[in-house]
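Structure first, then comments.
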Amino acid sequence: MVDEHLQLLFRQSERFVTQLVGSRGWSLKRPVDVEARTFWSAALGAALLAHAGAHGTGADLDLAGTLTVHDQTGHV
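Printed below as a string of structure tokens:
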């Protein structure tokens with residue numbers, strides 16, 4: 041059951057990122073499925089670590105740094 045929910049999360053994230061990247065003229069250095077899984081692996085891993093009592097703050101995790109989204113339009 042957990043696997044099914046993770047697969048659903050990944051698929052929905054892939055669709056969202058695909059639409060967002062296309063509408064804004066961005067590009068990815070990795071396939072969209074890899075981007076989605078990498079992001080959620082980092083986010084869920086951080087949540088598990090925090091739940092287990094690991095020390096640190098949200099500032100210690102750079103989720104945006106896990107993505108390879110680039111603006112191809114020249115806008116910042």
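Under our numbering, the first residue of the sequence shown is numbered 41, with each subsequent residue one higher.
For every residue, glycine included, the Cβ atom is placed at its ideal position computed from N, Cα and C.
Presumed contact (8 Å Cβ cut-off) between residue i and residue j, rounded CB distance
| i | j | result |
| --- | --- | --- |
| W66 | D111 | 6 Å |
| V61 | V109 | 7 Å |
Contact under 8 Å by Cβ, residue i with residue j
| i | j | result |
| --- | --- | --- |
| L84 | E75 | no |
| T106 | T78 | yes |
| D73 | E54 | yes |
| W80 | L49 | yes |
Helix, strand or coil at residue i [DSSP, three-state]
| i | result |
| --- | --- |
| D43 | helix |
| H95 | coil |
| D102 | coil |
According to DSSP, residues forming a beta bridge with residue i
| i | result |
| --- | --- |
| W66 | D111 |
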